[in-house]
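Here the structure is laid out as structure tokens; the discussion comes afterwards.
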Amino acid sequence: MMNTLRIYISGLVLGLLVMASASAATVEVNWNNPDKYTDIEVSYMDPGDQFIELYFSRLERHFQRLATMHLPSDYTLEIDVIDIDRAGRVEVRPGAERDRTRVVMGNAVPEMVLSYRLLNSAGDVVASADETLIKGSVLRTEGRSRFPFLNRNDRGAIGPEARMMNLWFLATFIDPDGSAED
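According to mature numbering (1 follows the signal peptide of the UniProt record, and there is no 0), the stretch in the sequence shown is residues -24 to -1, 1 to 158, in order.
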């Protein structure tokens, strides 16, 4: 009986996840010349470098989660990332694996320059901007309940950048007039 219930609940959860992902807004992220980014050193840009690929994929996943939570399901958000200045710094330790550790001081905030286009289901541009500078904040002012939960690994890898992206999403798509309260 208990196994049947677990299987039923697992199937139900899986079905809900499939339905949610099928009805989610689409996000397309283009990383323009990442080897030229302020805070991405060329030495990190080895072909197949998992450190950078993982960092970019986590940022893309956060953009997708924001779009799923806050944009209509038939919309597409196209983002061209032009520059990134990450919060803190990455220290490379000598060794065979080139172990990397990110050091973020309390007052370090990230910045990102991006262009974006938000398209509706007909392909019409609903909103757009070119070379927009978005900045992070030392204080968490965007309200946690409105935004995706970050697991421990994501918090360590993209925590400051995710908060910056949350603030940008709030100001650009959720509450552009700044009238909503937390």
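The beta-carbon is built from N, C-alpha and C at its ideal position, and this holds for glycine as well.
Extent of the continuous alpha helix (DSSP H) run through Ser91: Not the alpha helix (DSSP H): Ser91 falls in the beta strand (DSSP E), residues 87 to 95.
Could you tell me which of Asp50, Val79, Glu54, Asn6 sits nearest to Ala63, measuring between CA atoms? Val79
Option in Asp106, Asp153, Thr148, Val3 with minimal Cα separation from His38: Minimum Cα distance to His38 is reached at Val3.
Use the C-beta contact count for Gln40: other C-beta atoms within 10 angstroms, 16 or more gives buried, fewer gives exposed. When all chains shown are included, Gln40 counts as buried.
Looking only at DSSP bridge pairs, what is Ser(-2) linked to? Answer is none; Ser(-2) lacks a bridge partner.
In the DSSP assignment, what residue or residues form a beta bridge with Val80? DSSP, once it has assigned bridges, lists no residue as partnering Val80.
Ser104 and Ser113: beta carbons closer than 9 Å? no
Buried or exposed by the 16-neighbour rule on C-beta atoms within 10 Å, applied to Phe125: Label assigned to Phe125: exposed.
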